[in-house]
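**Q** Using my numbering, the letters of the sequence shown map in sequence onto residues 5 to 336. Glycine included, C-beta positions come from ideal geometry on N, C-alpha and C.
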Amino acid sequence: MSRLLVTGGAGFIGSNFVHHVVEHTDHHVTVLDKLTYAGNRASLAALPSSRVRFVEGDIADAGLVDGLVAAADGVVHYAAETHNDNSLNYPQPFLQSNVIGTFTLLEAVRKHGKRFHHVSTDEVYGDLELDDPDRFTESSPYNPSSPYSSTKAASDMLVRAWVRSYGVAATISNCSNNYGPYQHVEKFIPRQITNILWGIRPKLYGEGRNVRDWIHADDHSSAVLRILEHGRIGETYLIGADGEKDNKTVVELILTMMGQDADAYDNVTDRNGHDMRYAIDATKLSTDLGWRPRFRDFERGLAVTIDWYRDHEQWWAPAKDATEAFYAQLGQ
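Structure below.
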């Protein structure tokens, strides 16, 4: 597959994947991105135009999608509305992008007989109790709790139906929480890092007991590339790096690593329906495809991430004031 179409390739996880593909393969990439507030062409600026072509457009635009899919060997589908807080306040865009957009892509790959990989989230499984010894596996039942996770669950089911009913050559991956470069400052880790850099106290939802299973975006990228190249058609693979940390621990770790007192943060109003714990069992990916994460030590990956935000203020600063103003209105 020397020609890849990457949807959402100007967003956080998608742009990291495009960087990874350019660095580790000879593939040529066409990025299709609507450039909503979370998409940023600057995330691709350092990549060679001889390898990466950018197209601004909507994955729900059937005519545009048809032509781009026809010209590609494979499609990697990252494009999605992803922020839980936004989905709770304005759910309609999540239905349009995550459901209608995925349907539009599936119809195009069905028509042209192309390889398709669908990037999803562990949030489709709902959450786990803090003292639950289990982790999510590929056979865990779906139990989404927000407009975001429910529309991602719907998109997963569409992919499975198109594999079974139409023979589409597709795979799915569900990944745990990502962190790393090019992540919008509305998200948990970059918000805390950039707050500290601007002399603002970090914010912690509730008591901060909620647990997330963190993975560096470059490790997510390497896993998706492995699945694209070697995964079995019709299979789902969970991607994780054994990075379980509660939010309080993460905030305190960021503060300490940036030379601040560990308690120099504010507790704010918790999110509605805030899932308690996510945890991924990536045994299938490791056993079947031989994948291993590079950033097995969360603190090492976090240190690299802090350095990136410290060195790239020109990338994130334009969105910072509006993001903090939005959260201030919510008391968060």
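Please identify the residue among His32, Tyr94, Glu85, Gly12 whose C-alpha is closest to the C-alpha of Glu60.
**A** Taking the sequence shown and counting its residues from 1, the one referred to as residue 60 is at position 56. Comparing Cα-Cα distances from Glu60 to each of His32, Tyr94, Glu85, Gly12, the minimum goes to Gly12.
**Q** Do Asp65 and Leu8 have their C-beta atoms closer together than 8 Å?
**A** Looking up residue 65 in the sequence shown gives position 61. Looking up residue 8 in the sequence shown gives position 4. Cβ atoms of Asp65 and Leu8: not closer than 8 Å.
**Q** If we count the other Cβ atoms within 10 Å of its Cβ and call it buried at 16 or more, is Gln333 buried or exposed?
**A** Here residue 333 refers to the residue found at position 329 when the sequence shown is read from its first residue. It is exposed - the Cβ of Gln333 has fewer than 16 other Cβ atoms within 10 Å.
**Q** What are the start and end residues of the alpha helix (DSSP H) that includes Ser19?
**A** The count along the sequence shown starts at 1 and reaches residue 19 at position 15. Unbroken alpha helix (DSSP H) run through Ser19: 16-28.
**Q** Taking just the CA atoms, how far does Arg114 sit from Gly71?
**A** Taking the first residue of the sequence shown as 1, we reach residue 71 at position 67. Taking the first residue of the sequence shown as 1, we reach residue 114 at position 110. Approximately 13 Å between the Cα atoms of the pair.
**Q** Can you tell me whether DSSP reads Leu51 as helix, strand or coil?
**A** Here residue 51 corresponds to residue number 47 of the sequence shown, with the count starting at 1. Three-state result, Leu51: coil.
**Q** Starting from Leu242 and walking both ways along the beta strand (DSSP E), at which residues does that stretch end?
**A** Looking up residue 242 in the sequence shown gives position 238. It spans 240-243 - the beta strand (DSSP E) in which Leu242 sits, taken as one unbroken run.
**Q** Could you spell out where the alpha helix (DSSP H) holding His278 opens and where it closes?
**A** Position 274 of the sequence shown holds residue 278. No alpha helix (DSSP H) contains His278, which DSSP labels as neither H nor E.
**Q** For Thr29, tell me which candidate among His278, Leu229, Ala307, Pro297 has the shortest Cα-Cα distance.
**A** Numbered from its first residue, the sequence shown carries residue 29 at position 25. When each option's Cα is compared against that of Thr29, the closest is Leu229.
**Q** Since Leu132 and Tyr269 are thought to touch, with beta carbons under 8 Å apart, how far apart are those beta carbons, to the nearest angstrom?
**A** For this step, residue 132 is matched to residue 128 along the sequence shown. For this step, residue 269 is matched to residue 265 along the sequence shown. The pair is not a contact, with the Cβ atoms about 25 Å apart (cut-off 8 Å).
**Q** Fully enclosed by the region 90-130, which alpha helix (DSSP H) runs are 4 residues long or longer?
**A** Here the runs fully enclosed are 106-116.
**Q** Residues in the same chain with beta-carbon distance under 7 Å from Tyr170, minus the five sequence neighbours each way, listed in chain order, please.
**A** The residue labelled residue 170 in the question sits at position 166 within the sequence shown. Arg114.
**Q** If you measure between the beta carbons of Val167 and Ala112, is that distance less than 8 Å?
**A** Against the sequence shown, residue 167 aligns to sequence position 163. Against the sequence shown, residue 112 aligns to sequence position 108. Not in contact: Val167 and Ala112 (Cβ atoms no closer than 8 Å).
**Q** One question on the structure: do Ala323 and His121 come within less than 8 Å of each other, judged by their Cβ atoms?
**A** To locate residue 323, count along the sequence shown from 1; it is residue 319. To locate residue 121, count along the sequence shown from 1; it is residue 117. Not a contact, by the Cβ cut-off of 8 Å.
**Q** What three-state label does DSSP hand Lys156 in the structure shown?
**A** Taking the sequence shown and counting its residues from 1, one reaches residue 156 at position 152. Helix, per DSSP.
**Q** Using the Cβ count rule (16 or more neighbours within 10 Å means buried), how would you classify Asn93?
**A** To locate residue 93, count along the sequence shown from 1; it is residue 89. The residue in question, Asn93, is exposed, as its Cβ has fewer than 16 Cβ neighbours within 10 Å.
**Q** Where Glu256 and Gly263 are concerned, what is the direct C-alpha to C-alpha distance, given to the nearest angstrom?
**A** Taking the sequence shown and counting its residues from 1, one reaches residue 256 at position 252. Taking the sequence shown and counting its residues from 1, one reaches residue 263 at position 259. Each residue's alpha carbon lies about 11 Å from the other.
**Q** From what residue to what residue does the alpha helix (DSSP H) around Ser226 run?
**A** Here residue 226 refers to the residue found at position 222 of the sequence shown. Residues 221-234.
**Q** Can you give me the start and stop residues for the alpha helix (DSSP H) that Tyr269 sits inside?
**A** Your numbering for residue 269 matches position 265 in the sequence shown. Here Tyr269 belongs to no alpha helix (DSSP H), and DSSP marks it neither H nor E.
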